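Undergrad: Heads up: take any position in the sequence shown, counting from 1, add 9, and you land on the working numbering.
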Amino acid sequence: EVFGGPQDVEWAIGTDDRLWLLQSRPVTTTIRGVPSGPIYGPGPVAETFPEPLTELEQDLWVPPLRDGVRHAITLAAAATPAEISASEIVVAVDGHVAIDLLLAGDIRPKPSLIHRINPVPAFRRLQGAWRVGRLRSALPELAESLLDRVDGDLESVPAVGELTSRQLIALIQRGQSVLRAVHAHEILMGMLTDTGDNRMTGASVALRVLSEARQDGVADEEILTRSPIVLALTSPKVGATTVLPQESLTPDLGSGSSAGSENGVLREALRIKGEFRPEFQ
10 EVFGGPQDVE
20 WAIGTDDRLW
30 LLQSRPVTTT
40 IRGVPSGPIY
50 GPGPVAETFP
60 EPLTELEQDL
70 WVPPLRDGVR
80 HAITLAAAAT
90 PAEISASEIV
100 VAVDGHVAID
110 LLLAGDIRPK
120 PSLIHRINPV
130 PAFRRLQGAW
140 RVGRLRSALP
150 ELAESLLDRV
160 DGDLESVPAV
170 GELTSRQLIA
180 LIQRGQSVLR
190 AVHAHEILMG
200 MLTDTGDNRM
210 TGASVALRVL
220 SEARQDGVAD
230 EEILTRSPIV
240 LALTSPKVGA
250 TTVLPQESLT
260 PDLGSGSSAG
270 SENGVLREAL
280 RIKGEFRPEF
290 Q
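1. Please confirm whether T275 and A152 have their CB atoms less than 8 Å apart.
2. Within a Cβ cutoff of 8 Å, which residues of the same chain sit near Q16, ignoring the five residues on either side of it in sequence?
3. So if DSSP puts L108 in a beta bridge, which residue, or which two residues, is it bridged to?
4. Taking 8 Å as the cut-off, decide whether the C-beta atoms of I238 and V214 are in contact.
5. Can you say whether T89 is buried or exposed, counting buried as having 16 or more other CB atoms within 10 angstroms of its CB?
6. Beta-carbon within less than 6 Å of E97's beta-carbon, same chain only, minus the 5 sequence neighbours each way: which residues are those?
7. Taking all protein chains shown into account, decide if R79 is buried (16 or more other Cβ within 10 angstroms of its Cβ) or exposed.
8. So, do the segment 104 to 114 and the segment 220 to 239 have three or more beta carbon pairs nearer to each other than 8 Å?
9. For the alpha helix (DSSP H) that contains R75, what are its first and last residues?
10. What's the C-alpha gap between V106 and R189?
11. Leaving out five residues before and five after F132 in sequence, what residues of the same chain have Cβ atoms less than 7 Å from its Cβ?
12. In this structure, how does DSSP classify L172 when only helix, strand and coil are distinguished?
13. Measure the beta-carbon distance from E195 to R117 and round it to whole angstroms, keeping in mind my assumption that it falls under 8 Å.
14. Out of L219, E277, G273, K246, state which residue places its alpha-carbon closest to the alpha-carbon of Q255.
15. If contacts are defined as beta-carbon pairs under 8 Å, then V100 and Y49 qualify, I think. What distance do you get, rounded to the angstrom?
16. Under a three-way DSSP split, which group does V18 fall into?
17. Just to confirm the assignment, what range does the alpha helix (DSSP H) spanning L30 have?
18. Shortest alpha-carbon distance to L84 belongs to which of T234, A193, L177?
19. On the three-state DSSP scale, how would you describe G199?
20. R217 to G273, Cα distance in whole Å?
21. For V129, I'd like the list of residues in its chain whose CB is within less than 8 Å of its CB, leaving aside the five on either flank, ordered along the chain.
22. Return the residue from the list T250, L253, S244, A278 that minimises the CA-CA distance to T57.
23. Assuming A91 is part of the alpha helix (DSSP H), what are its boundary residues?
24. Counting only the same chain and skipping the five closest in sequence on each side, list residues whose C-beta sits under 6 Å from that of P167.
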């Protein structure tokens with residue numbers, strides 16, 4: 010309004026904390042149209058990876074997450090093969106993990122005329138609905154079976170000092186395979202089942218465990234050994250010392266149905282196992 014049109018403005022904040030206009034030039038070229046392509050954001054992975062990852066951590070954890078999400082979207086018929094192949098699905102931007110928000114269901118696509126008149130998507134949804142119906146009924150049992158398998162794997166891991174280099178590499182490779190399955194099952198539980206308003210989250214349980222243990226005078230190092238659930242309060246890291254939050258409240262987890270649906274608890278358990286696997290690696 011002041012200069013009569015769009016301006017390229019340069020400004021600075023002075024030592025007196027005042028905003029100073031340095032110069033302003035008319036904008037002579039504007040971008041036409043909106044670039045097409047996937048829209049990435051933290052979405053549902055923000056809680057699992059709240060902090061930037063190192064390059065090593067990205068190599069270890071992003072590929073299995075990407076493969077797991079791709080498998081889940083394919084099974085759920087949530088996108089066409091062309092849409093899936095056109096997206097990297099999960100990426101790391103300056104270490105921050107981001108997911109394709111359209112494929113993840115966090116944003117809705119804008120319907121076009123060709124989508125309205127093309128019968129193929131509807132037919133594909135019909136095919137997917139038949140497959141998804143069978144998968145939905147079997148998914149909770151499959152999730153419980155996978156959780157038992159992951160627990161067994163974690164309990165069977167010997168001390169790192171007892172492993173040869175070959176055994177350690179094989180263990181990491183097997184861990185990535187299980188991570189793919191965990192991520193796929195977690196995404197599918199969110200897509201296909203009613204998880205409800207779940208209060209029994211990993212973070213809430215971890216806060217309660219941490220608070221009660223500290224009240225009993227247990228040191229943080231011992232809490233980590235006794236109750237690895239508290240790792241839900243930290244970001245997965247390779248080689249870094251785990252530091253638990255200083256403040257630990259005791260949340261109300263509710264009881265019975267107020268604590269959350271069975272499917273919601275299963276999904277949260279899968280998400281937590283997805284965090285424990287990186288810590289194990």
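For each residue, glycine too, the CB sits at the ideal point set by N, CA and C. All of these numbers come straight from a predicted model, not from anything done at the bench.
TA: By the coordinates alone:
1. Sequence check: residue 275 is Leu here, not Thr. Their beta carbons are under 8 Å apart, which means L275 touches A152 by this criterion.
2. S33, R34, P35, V36
3. According to the sequence as given, residue 108 is Ile; it is not Leu. In the DSSP output, where bridge partners are listed per residue, I108 has G50, V99.
4. The answer is yes: Cβ separation under 8 Å.
5. Burial state of T89 is exposed, judged by a 10 Å Cβ sphere holding fewer than 16 other Cβ atoms.
6. none
7. buried
8. Too few Cβ pairs lie closer than 8 Å, so no.
9. In the DSSP annotation of this structure, the continuous segment of the alpha helix (DSSP H) that includes R75 starts and ends at 64 to 84.
10. 16 Å
11. With a pLDDT of only 45 at F132, under the threshold of 50, the placement of this residue in the model should not be trusted; the figure read from the coordinates follows. Cβ neighbours of F132 beyond the five flanking positions: none.
12. Taken through DSSP and simplified to helix, strand or coil, L172 comes out as coil.
13. The Cβ separation is near 22 Å, so there is no contact.
14. L219
15. Rounded, the Cβ-Cβ distance is 6 Å, consistent with contact.
16. strand
17. DSSP places L30 outside any alpha helix (DSSP H); the residue lies instead in the beta strand (DSSP E), whose first and last residues are 28 to 35.
18. A193
19. Reduced to three states, the DSSP call for G199 is helix.
20. Take the alpha-carbon of R217 and the one of G273: they are about 19 Å apart.
21. Its pLDDT being 48, under 50, V129 is placed unreliably by the model, and nothing is read from it.
22. Among T250, L253, S244, A278, the Cα nearest to that of T57 is on S244.
23. Segment 90 to 94, the alpha helix (DSSP H) holding A91.
24. Correct list: empty, nothing qualifies.
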